[in-house]
Amino acid sequence: MSSIISDNDADILRDVLIPRRKILYGCVAGGIVATPLSSAFAQQAGGADEITVDRARNEPIPIVIPDFGSGNGGAITQVLTDDLNNTGLFRVISSTSPTSTPDFAAYKAMGARAIVTGSEVNGRVEFRLWNALTGEQIQGTAYSISGSGAISEDLRRVSHMIGDVIYERLLGDKGYFNTRIAYVAQTGRRSDPTKRLAIMDYDGANSRILTSGRWLVLTPRFSPVSNQIAFMSYVNNRPRVYLFDLQSGRQRILGDFSGISFAPRFSPDGRSVIMSVTRGGGSDLYSVDLGSGSKRQLTSSGAIDTSPCYSPDGSQIVFSSDRGGRQQLYIMSASGGGVRRISYGNGSYAGPVWSPRGDLIAFVRIGGGGFSLGVMAPDGTGERILTQGFTVESPTFCSNGRVMAFCNQSSAGARGSGFSSSIKMIDVSGFHERSIPTSTMAMDPSWSSGNS
Numbered sequence: 001m002s003s004i005i006s007d008n009d010a011d012i013l014r015d016v017l018i019p020r021r022k023i024l025y026g027c028v029a030g031g032i033v034a035t036p037l038s039s040a041f042a043q044q045a046g047g048a049d050e051i052t053v054d055r056a057r058n059e060p061i062p063i064v065i066p067d068f069g070s071g072n073g074g075a076i077t078q079v080l081t082d083d084l085n086n087t088g089l090f091r092v093i094s095s096t097s098p099t100s101t102p103d104f105a106a107y108k109a110m111g112a113r114a115i116v117t118g119s120e121v122n123g124r125v126e127f128r129l130w131n132a133l134t135g136e137q138i139q140g141t142a143y144s145i146s147g148s149g150a151i152s153e154d155l156r157r158v159s160h161m162i163g164d165v166i167y168e169r170l171l172g173d174k175g176y177f178n179t180r181i182a183y184v185a186q187t188g189r190r191s192d193p194t195k196r197l198a199i200m201d202y203d204g205a206n207s208r209i210l211t212s213g214r215w216l217v218l219t220p221r222f223s224p225v226s227n228q229i230a231f232m233s234y235v236n237n238r239p240r241v242y243l244f245d246l247q248s249g250r251q252r253i254l255g256d257f258s259g260i261s262f263a264p265r266f267s268p269d270g271r272s273v274i275m276s277v278t279r280g281g282g283s284d285l286y287s288v289d290l291g292s293g294s295k296r297q298l299t300s301s302g303a304i305d306t307s308p309c310y311s312p313d314g315s316q317i318v319f320s321s322d323r324g325g326r327q328q329l330y331i332m333s334a335s336g337g338g339v340r341r342i343s344y345g346n347g348s349y350a351g352p353v354w355s356p357r358g359d360l361i362a363f364v365r366i367g368g369g370g371f372s373l374g375v376m377a378p379d380g381t382g383e384r385i386l387t388q389g390f391t392v393e394s395p396t397f398c399s400n401g402r403v404m405a406f407c408n409q410s411s412a413g414a415r416g417s418g419f420s421s422s423i424k425m426i427d428v429s430g431f432h433e434r435s436i437p438t439s440t441m442a443m444d445p446s447w448s449s450g451n452s
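The following block contains the structure:
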């Protein structure tokens, strides 16, 4: 049941909660201000078209990244380089060129398809993206950091924002670098662990512990539209779903059911949370409205119905259930009707998650002495296994649906020796698997949508 149930802690360390500041365009206020940079060179060329890249899967895009300067500029260069290289879709060519118009002929000879120029001076970051083949400016933006706060953290955010722009202009999809991951940080002995709610940037930086560890926590879930996390907590040794507000540090119970509530997931509009609630020897799915607190029961099969997840348009729900004897995946309407099974492979299926694109459902398959992480179409066709391991679970998609994060755990020896739990990422095509650095063992990741 541990791979299904979610759980969280109660005592909140309010002093470590740092609200994310809004990004403002064309006006001056506390936070990050972004303004466009025009280019006379680009205007003479008749405007800038986007670069069309259709072979990044087979051959990474060569792109020139400059030295943004000493000090803070060097940090920007490093973050931006890591963002692009870590996708497996770009090959960064380092450069020490100044911020003026680049030497297109020289970079074309090096095989570059795109060129970045930029600099950082006193919290103002200028960046331009160029088409190496035509010499046109594709994008030009200046970011200015104003107000109080951690300048280094904001500069990292600016670096991620620049990376997102490059990703979108060259690949056609929204970038996911300026996002966060909620997760469970585990310390102590495996037989008696301390599990605390935590949050970090997508690349493992700026990690913050949000709860004290007095009570066990599991499966945090980001809201798609706000700075809130739904999670399960064993407060007073009674497992229930709670809502944690990242700005205020407050938490509250969601639907104080008589049974255990677990496996929460937000609706796409963020107005309600669906969860599993125990009843007798089984569990049913309920939806709880965040505004009114009203509850709506969606299933009553007498089986264990759990791990619900909405489709991106909110019209359907995928969940796992043992109503057929073995745990499998099912889809139903958001109102609870029209249940149909979609998984038919060998083994048991758990932890389904709908892609933000709507085209895939990720899942965990247990069988053959191990765990597999895979994807299938919403009708159950096209099942593909992306990775396998002793335990691989808790898949979560990035905001554009092209990458998944998941929990990877190793086997344990006597008294838990040799056990490890970490967060990894993998492309939905099954390539470029890599680990995310964390200061403690980590599990149960949940990727923010980019709006939170």
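Our numbering puts the first residue of the sequence shown at 1, with every later residue one more than the last. Positions of the beta carbon are idealized from the N, C-alpha and C atoms, including for glycine.
Closest by C-alpha distance to residue i, when choosing among the options
i, options, result
"Glu168", "Val217, Ala185, Gly351, Phe90", "Phe90"
"Ile145", "Gln137, Ile138, Gln139, Asp154", "Asp154"
"Ser411", "Arg190, Thr96, Leu80, His160", "Arg190"
"Ala405", "Ser283, Lys195, Tyr183", "Tyr183"
"Ser267", "Ser159, Pro312, Ser300", "Pro312"
"Val403", "Thr101, Gly175, Glu120", "Gly175"
"Phe222", "Ile181, Gly188, Pro308", "Ile181"
"Phe244", "Phe257, Leu290, Asp203, Ser399", "Leu290"
"Asp284", "Val273, Asp269, Gly302", "Gly302"
"Thr101", "Ile115, Ser307, Arg157, Ser94", "Ile115"
"Ile32", "Glu433, Val125, Ile426, Ser446", "Val125"
"Gly351", "Met200, Ile436, Pro445", "Pro445"
"Asn122", "Tyr286, Pro378, Ser152", "Ser152"
"Thr306", "Ser261, Trp447, Ser233", "Ser261"
Three-state class that DSSP yields for residue i in the structure shown
i, result
"Ala377", "coil"
"Tyr330", "strand"
"Thr77", "helix"
"Tyr167", "helix"
"Ile162", "helix"
"Glu50", "Residue confidence is low: Glu50 scores 48 on pLDDT, short of 50, so the model does not pin down where it sits. No coordinate-derived value is stated."
"Ala412", "coil"
"Arg467", "No information on residue 467 is available, as it lies outside the stretch 1 to 452 that the chain covers here."
"Asp82", "helix"
"Met441", "strand"
"Ser152", "helix"
"Ala350", "strand"
"Ala132", "coil"
"Tyr143", "strand"
"Tyr107", "helix"
"Val235", "helix"
"Ile23", "Reliability fails at Ile23, whose pLDDT of 38 lies under 50, so the model's placement of it is uncertain and the value that follows must be treated cautiously. It is a strand residue."
Nonlocal neighbours in the same chain, by C-beta distance under 7 angstroms from residue i, ignoring five residues either side
i, result
"Ser439", "Ser207"
"Arg279", "Gly259"
"Ile304", "Gly282, Ser283, Ser321, Asp322"
"Gly270", "Ser223, Pro224, Val225, Ser226"
"Ala205", "Arg156"
Contacting residues, own chain, Cβ-Cβ under 6 angstroms from residue i (five flanking each side not counted)
i, result
"Met441", "Gln186, Ser421"
"Gly347", "Arg365, Ile366, Gly367"
"Arg326", "Ser348"
"Pro193", "Gln186"
"Asn408", "Gly389, Val392, Ser422, Lys424"
Integer-rounded CB distance, given that residue j should sit under 8 angstroms from residue i
i, j, result
"Ser321", "Tyr310", "Incorrect: roughly 16 angstroms between the Cβ atoms, too far for contact."
"Thr396", "Val339", "Not really, about 24 angstroms apart at Cβ, beyond 8 angstroms."
"Val318", "Ile361", "6 angstroms"
"Gly389", "Phe363", "Contact flag wrong, Cβ pair sits at about 15 angstroms."
"Thr77", "Ile65", "6 angstroms"
"Ile274", "Arg265", "5 angstroms"
Neighbourhood of residue i by C-beta, 8 angstroms cutoff - its chain only, sequence neighbours within 5 removed
i, result
"Lys108", "Ala132, Leu133"
"Thr81", "Ile65, Val92, Ser94"
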